[in-house]
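K.L.:
So the sequence lines, in the order shown, correspond to chains G and B.
The first sequence stops at residue 181 when you use this note's numbering, and every number in between is there.
The second sequence stops at residue 1321 when you use this note's numbering, and every number in between is there.
By construction, the Cβ of each residue, glycine as well, lies at the ideal position given by its N, Cα and C atoms.
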Amino acid sequence: MNRKVLIAGLAIILPLLGILFLNLGRDPRAIDSPLIGKPAPAFALPTTEGTAAISLDDMKGRVVVVNFWATWCVPCLQEHEVLLRGAREYSEQAHFVGVIYQDELPQVQRFVQRRGQAYPSLFDADGKMAIAYGVGGVPETYFISPNGIITDKYAGPLSHRELARLVDKASRWGS
Amino acid sequence: MVPVLGRALILLTLFLATAGAMVGFAAGARRTAAGFAWTRRFAYAFAAAMVLTNALMVYALLARDFSVAYVAQVGSHAVPNWVAVVSLWSSLEGSILFWGLVLGLYIAAATWTTRDAPGDQMSYAAAVWLATGACFAFLLAGPAQPFGTMDPPPLDGPGPNPLLQNHLLMIAHPPFLYLGFVGMTIPFGLASAALLTGRLGHDFVRPLRTWLMVPWTFLTVAIVLGGWWAYEVLGWGGYWAWDPVENASFLPWLTATAAVHSGVLMERKGTLKGWTVTLIQATFLLTILGTFMTRSGVFNSVHSFTQSAIGPALLGFLGLGLVWSVTLLALRIDRLSSPVAVGVARSREGLFLVNNLLFVLFTFTVLIGTVFPLIVEATQNVQMSVGRPYFDRMAVPIGVTLLLLLGIGPALPWGRASAADMKRALLPPLGATALAGALGYALGVRNGWTLVTIAFGGYALHVTLHQLWLPAARRMSAGFGEAFAELARLRRRTAAYVVHLGAIVVIVSIAVSSTEGESVEAQLVPGETTTVGAYTLTFQSAEEIEQPHRISVVAHVAVTKDGRDLGLIKPRMNHYRSQRQPIGTPAVRTQAFEDLYLSVMNIDAANQRLGLLAIVKPMVGWIWIGTGIMALGGLLVLWPARRVVPPLATPVVTEGA
Chain G
7 MNRKVLIAGL AIILPLLGIL FLNLGRDPRA IDSPLIGKPA PAFALPTTEG
57 TAAISLDDMK GRVVVVNFWA TWCVPCLQEH EVLLRGAREY SEQAHFVGVI
107 YQDELPQVQR FVQRRGQAYP SLFDADGKMA IAYGVGGVPE TYFISPNGII
157 TDKYAGPLSH RELARLVDKA SRWGS
Chain B
665 MVPVLGRALI LLTLFLATAG AMVGFAAGAR RTAAGFAWTR RFAYAFAAAM
715 VLTNALMVYA LLARDFSVAY VAQVGSHAVP NWVAVVSLWS SLEGSILFWG
765 LVLGLYIAAA TWTTRDAPGD QMSYAAAVWL ATGACFAFLL AGPAQPFGTM
815 DPPPLDGPGP NPLLQNHLLM IAHPPFLYLG FVGMTIPFGL ASAALLTGRL
865 GHDFVRPLRT WLMVPWTFLT VAIVLGGWWA YEVLGWGGYW AWDPVENASF
915 LPWLTATAAV HSGVLMERKG TLKGWTVTLI QATFLLTILG TFMTRSGVFN
965 SVHSFTQSAI GPALLGFLGL GLVWSVTLLA LRIDRLSSPV AVGVARSREG
1015 LFLVNNLLFV LFTFTVLIGT VFPLIVEATQ NVQMSVGRPY FDRMAVPIGV
1065 TLLLLLGIGP ALPWGRASAA DMKRALLPPL GATALAGALG YALGVRNGWT
1115 LVTIAFGGYA LHVTLHQLWL PAARRMSAGF GEAFAELARL RRRTAAYVVH
1165 LGAIVVIVSI AVSSTEGESV EAQLVPGETT TVGAYTLTFQ SAEEIEQPHR
1215 ISVVAHVAVT KDGRDLGLIK PRMNHYRSQR QPIGTPAVRT QAFEDLYLSV
1265 MNIDAANQRL GLLAIVKPMV GWIWIGTGIM ALGGLLVLWP ARRVVPPLAT
1315 PVVTEGA
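(1) Name, in chain order, the residues that DSSP records as bridge partners for V1223 (chain B).
(2) Given Y734 (chain B), which residues of its chain have a CB within under 6 Å of its CB, disregarding the five upstream and five downstream residues?
(3) Does DSSP put H866 (chain B) in a helix, in a strand, or in coil?
(4) Assuming V924 (chain B) contacts M877 (chain B) (C-beta within less than 8 Å), just tell me the rounded distance between them.
(5) My assumption, with CB atoms under 8 Å, is that L765 (chain B) sits in contact with A748 (chain B). Please give the rounded CB distance.
(6) Compare the Cα-Cα distances from I1209 (chain B) to each of B:A789, B:M1237 and B:D1259 and report the closest residue.
(7) In whole angstroms, give me the CA-to-CA distance for R779 (chain B) and G699 (chain B).
(8) Rounded to a whole number of angstroms, what is the C-alpha to C-alpha distance between I952 (chain B) and C799 (chain B)?
(9) How far does the alpha helix (DSSP H) with G26 (chain G) in it reach, from first residue to last?
(10) If distances are taken between C-alpha atoms only, which option among G:G140, G:I106 and G:Y139 comes closest to Y125 (chain G)?
(11) Taking the C-alpha atoms as reference points, what is the distance between V738 (chain B) and H837 (chain B)?
(12) If you draw a straight line from the C-alpha of L883 (chain B) to the C-alpha of T919 (chain B), how long is it?
(13) Give me the subset of the region 1174 to 1202 of chain B whose CB atoms are less than 7 Å from a CB atom of chain G, sorted by chain position.
(14) Excluding five sequence neighbours on each side, which residues of the same chain lie with their C-beta closer than 7 Å to the C-beta of I1289 (chain B)?
(15) Around the Cβ of G24 (chain G), are there at least 16 other Cβ atoms within 10 angstroms (buried) or fewer (exposed)?
(16) Taking 8 Å as the threshold (C-beta atoms), are L1151 (chain B) and A1137 (chain B) in contact?
(17) Consult DSSP for G823 (chain B) and reduce its assignment to one of helix, strand or coil.
(18) In chain B, what lies closer than 7 Å to G142 (chain G) by C-beta?
(19) What are the boundary residues of the beta strand (DSSP E) that includes T1193 (chain B)?
(20) Is the beta carbon of L1338 (chain B) sitting closer than 8 Å to the one on G1121 (chain B)?
(21) Could you give the distance in angstroms between the alpha-carbon of T947 (chain B) and the alpha-carbon of T703 (chain B)?
(22) Answer with yes or no whether the minimum CB distance from L993 (chain B) to chain G is below 8 Å.
(23) Please check if any C-beta of chain B sits within less than 8 Å of the C-beta of G15 (chain G).
(24) Who are the Cβ neighbours of A1198 (chain B) in its own chain at under 7 Å, not counting the five residues just before and after it?
(25) Is the distance from the Cβ of R863 (chain B) to the Cβ of Q785 (chain B) below 8 Å?
(26) L1000 (chain B) and K937 (chain B) - do their beta-carbons sit closer together than 8 Å?
(27) Once DSSP output is grouped into helix, strand and coil, what is the label at T935 (chain B)?
(28) What separation, rounded to the nearest whole angstrom, lies between the Cα atoms of W906 (chain B) and T1179 (chain B)?
(29) Does the count of Cβ pairs from the region 58 to 69 of chain G and the region 132 to 139 of chain G closer than 8 Å reach three?
(30) Pull up the DSSP beta-bridge partners for D815 (chain B), would you.
(31) Which of the three DSSP states is assigned to K159 (chain G) in this structure?
(32) Determine the burial state of F1203 (chain B): buried for a count of at least 16 other Cβ atoms within 10 Å of its Cβ, exposed for fewer.
(33) With distances taken Cα to Cα, identify the nearest neighbour of L761 (chain B) among B:L673, B:P822 and B:A691.
(34) Relative to chain G, which residues along the region 893 to 904 of chain B have a C-beta separation below 9 Å, given in chain order?
(35) How would you write the range of the alpha helix (DSSP H) that P1037 (chain B) sits in, first residue to last?
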């Protein structure tokens, strides 16, 4: 038995295994945001159809799904169907709201005419809301619990399954 | 039907691997001829079962049998048949199945070529190979089951990851990588057998070195193919980013290269046995670490597969392998200890040692840089990454020193050298050194490290060509044919210097291409021009092309060099329907000594605007050529030695007897 080899070997492998073990089960797609677990920043913005402004306070009491998107973003088109279906299925549980990210109003209106919508989209003309939420790109979706806490941030197009899971998680937040 | 048959075949491979491993360990301990024979049979049977399982999956992919879960995940009626076949390794479960195929073929080939080696050692080795096989068969049977049943089967599937269809290199890269990674199982088994029996005799060193060289060659090619793909596809103009997954393939290459060199001393001098065996064990474990890194979701990288249940299982295997290796080394390394002292400083042996220490230092440097973000994240809950500057600062001096050794080492004689010997060996290449440095300076290189690299490259080139030609030169008087025959006879020596030649070309090209050249970023409207180096680029138009799986916007850029028309170059930006970010396809015009590289930063077809990144990079093509030379050298090592002519064909004239 060569003790030096044993001790040197263990000194290298045990910390390595420990670190890998501690990092297991982390999803690199679920983006870390300092906002998770904190109250969602308040907003009050006009809709793209020119109707009265919608604010976060108006929607309290239910889960709020905030989806940042743009007409020039191809994955957003792909995600659109998922969100339409989700908004219909969870109409009892959740409010859905879109936020236009760096886009022009006429293009958005044309897009909505062509592809339809099931919930209002807000026009974030100066990008203040995107900055407040720390948006890194589109599509990006925030899930807010009925009492106004951000429970998740998801980057990239949502699948129906992922959407269902995150709405469910937000609705049970704190309970 | 197919899913059930597939699952049955996987269970069969699991059984054959497990039973074979147990029989192998028992046969190694008891040393019975019957045990040896049965171990070999299990090895062949495992290989056959893996071939069948993979054949069944390929059949299902070609038949678009969407009742098979993996086919439903990556198959599609819309893709051509060749895409359907390569889909075998395009996604997680399929890639593990393909891994099993490669392992099976390696085990069968290694079992066949070592059939005359000592039975107890071969049984132990086969037992270790089959135990590894059992681990992967377990993954296939459980967390990575590719033959799940889809009921009811979907009518069509989404097709494989579009990136796989984006470039031919992406189809070639994974098989080479698997051939490199999986192949390290073979030397690992042989090294374990040497430790288990406490013997590493001359008859065992040869197969160990050969079976180290096979995966080493594949791994070398695979790493460079990966870089080449990044260069041709990712659009930032580089080929290496020290990404965790790139490092995962580089780490075992470093330890394997060290083992290839210490193996020379082991074979010639009978020294460094314990050390070489340690390096081989480390190489295998680093391939498993690499597999874990790409498949567990712990590391965030462009290359990796997404998160899965395979992570914990692979971590378990890694732990098992680490404990196995450390225990085995601690128990048995003293039995392999060398009878002869190694350390003669002023000799080729001494430089082999320095070479090994540098490669190990390099390994630890890269390993620490790769794992450090995980340490920070686990202890402080902050996301961070270790960037290029750390790796470059560490890798450049180590790489340059290795290049210097590559020159000095082969020039020195074996054994203790006198001062006169040293002078005679080391002074002549200084002329080539000065010449190379001056040439670099004359061509405009001003970066200090690059100039040093070019000068050392000149030294190493002189020594390598001299050593390569030396045996032939001695026979030149007998004619060119004789000289060539002598090189062929010294096949392994010749091959080693061919690999060195390729390595010099690669190292110098990396140094030049990463520090020299020019780049320009410009926002253009149609008709506007920009210049980079000797090239004038004129943006003509942007064209939108809609395809079923993507929307591409193509820029038409007219290129002239010194007034000479080089035609249209068309870089493009692709929006894949399943990807969040657009993926550019740069256009690369490769010439003898420089590449013109055009990449779209942003493009708007509606308003006809283009943001263009144009790079002139010297010597990039020589990295691929140098790697080709290295691979050629690797093949030469493996080329079967000419058979000894049987005595009947050449009647020996015994004069005077």
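P.N.:
Straight from the coordinates:
(1) Here the question's residue 1223 (chain B) lines up with position 559 in the second sequence. According to DSSP, which records beta bridges pairwise, V1223 (chain B) is partnered with B:L1201 and B:G1231.
(2) Stepping through the second sequence from its first residue, residue 734 (chain B) is reached at position 70. Here the set comprises E757, G758 and P810.
(3) Within the second sequence, the letter at position 202 stands for residue 866 (chain B). Helix.
(4) Residue mapping note: residue 924 (chain B) aligns to position 260 of the second sequence, counting from 1. Residue mapping note: residue 877 (chain B) aligns to position 213 of the second sequence, counting from 1. The pair is a contact, with the Cβ atoms about 7 Å apart (cut-off 8 Å).
(5) Position 101 of the second sequence, counted from the start, is the residue given in the question as residue 765 (chain B). Position 84 of the second sequence, counted from the start, is the residue given in the question as residue 748 (chain B). No, L765 (chain B) and A748 (chain B) are not in contact; Cβ-Cβ is about 17 Å, not under 8 Å.
(6) Locating residue 1209 (chain B) in the second sequence gives position 545, where the first residue counts as 1. Checked all of B:A789, B:M1237 and B:D1259; the closest Cα to I1209 (chain B) is B:M1237.
(7) Looking up residue 779 (chain B) in the second sequence gives position 115. Looking up residue 699 (chain B) in the second sequence gives position 35. Taking the straight line from one Cα to the other gives about 13 Å.
(8) Residue 952 (chain B) sits at position 288 when you count from the first residue of the second sequence. Residue 799 (chain B) sits at position 135 when you count from the first residue of the second sequence. Those two C-alpha atoms are separated by around 11 Å.
(9) Walking along the first sequence from the start, residue 26 (chain G) turns up at place 20. The question names Gly, but residue 26 (chain G) in the sequence shown is Leu. Looking at the DSSP string, the run of the alpha helix (DSSP H) that includes L26 (chain G) is R9 to N29.
(10) In the first sequence, the residue the question calls residue 125 (chain G) occupies position 119. It is G:I106 whose Cα lies nearest to the Cα of Y125 (chain G).
(11) In the second sequence, residue 738 (chain B) corresponds to position 74, counting from 1. In the second sequence, residue 837 (chain B) corresponds to position 173, counting from 1. Between V738 (chain B) and H837 (chain B), the C-alpha separation is close to 19 Å.
(12) What you label residue 883 (chain B) is simply residue 219 of the second sequence in a count that begins at 1. What you label residue 919 (chain B) is simply residue 255 of the second sequence in a count that begins at 1. Near 12 Å, if we compare the C-alpha coordinates of T919 (chain B) and L883 (chain B).
(13) none
(14) Here residue 1289 (chain B) corresponds to residue number 625 of the second sequence, with the count starting at 1. V1169, listed in sequence order.
(15) Residue mapping note: residue 24 (chain G) aligns to position 18 of the first sequence, counting from 1. It is exposed - the Cβ of G24 (chain G) has fewer than 16 other Cβ atoms within 10 Å.
(16) Translated into positions along the second sequence, residue 1137 (chain B) becomes position 473. Translated into positions along the second sequence, residue 1151 (chain B) becomes position 487. No, Cβ-Cβ distance for A1137 (chain B) and L1151 (chain B) is not below 8 Å.
(17) On the second sequence, position 159 is the one that residue 823 (chain B) refers to. Of the three classes helix, strand and coil, the one that applies to G823 (chain B) here is coil, per DSSP.
(18) Start at 1 with the first residue of the first sequence, and residue 142 (chain G) comes out as number 136. The contacting residues do not exist; G142 (chain G) stays about 11 Å from chain B at best.
(19) The residue you call residue 1193 (chain B) lines up with position 529 of the second sequence. Note, T1193 (chain B): beta strand (DSSP E), T1193 to V1196.
(20) This structure gives no information on residue 1338 (chain B), because the portion of chain B shown stretches from 665 to 1321.
(21) On the second sequence, position 283 is the one that residue 947 (chain B) refers to. On the second sequence, position 39 is the one that residue 703 (chain B) refers to. Cα to Cα, the separation comes out at about 25 Å.
(22) Mapped onto the second sequence, residue 993 (chain B) falls at position 329. Yes, its Cβ sits closer than 8 Å to a Cβ of chain G.
(23) Translated into the one-based positions of the first sequence, residue 15 (chain G) becomes position 9. Yes, G15 (chain G) counts as interfacial toward chain B.
(24) Counting from one through the second sequence, the residue named residue 1198 (chain B) turns up at place 534. Result list for A1198 (chain B): K1225 and D1226, in chain order.
(25) Locating residue 863 (chain B) in the second sequence gives position 199, where the first residue counts as 1. Locating residue 785 (chain B) in the second sequence gives position 121, where the first residue counts as 1. Yes, the Cβ-Cβ distance between R863 (chain B) and Q785 (chain B) is below 8 Å.
(26) Locating residue 937 (chain B) in the second sequence gives position 273, where the first residue counts as 1. Locating residue 1000 (chain B) in the second sequence gives position 336, where the first residue counts as 1. Yes, the Cβ-Cβ distance between K937 (chain B) and L1000 (chain B) is below 8 Å.
(27) For the purposes of this step, residue 935 (chain B) is taken as the residue at position 271 of the second sequence. Of the three classes helix, strand and coil, the one that applies to T935 (chain B) here is coil, per DSSP.
(28) Residue mapping note: residue 906 (chain B) aligns to position 242 of the second sequence, counting from 1. Residue mapping note: residue 1179 (chain B) aligns to position 515 of the second sequence, counting from 1. Between W906 (chain B) and T1179 (chain B), the C-alpha separation is close to 16 Å.
(29) no
(30) Along the second sequence, one-based indexing puts residue 815 (chain B) at 151. DSSP lists no partner for D815 (chain B).
(31) Stepping through the first sequence from its first residue, residue 159 (chain G) is reached at position 153. K159 (chain G): strand per DSSP, three-state reduction.
(32) As a position in the second sequence, residue 1203 (chain B) is number 539, starting the count at 1. F1203 (chain B) is buried by the Cβ-count criterion.
(33) Within the second sequence, residue 761 (chain B) is the residue found at index 97, counting from 1. Measuring from the Cα of L761 (chain B), the nearest candidate turns out to be B:L673.
(34) none
(35) Here the question's residue 1037 (chain B) lines up with position 373 in the second sequence. P1037 (chain B) -> alpha helix (DSSP H) spans R1012 to Q1044.
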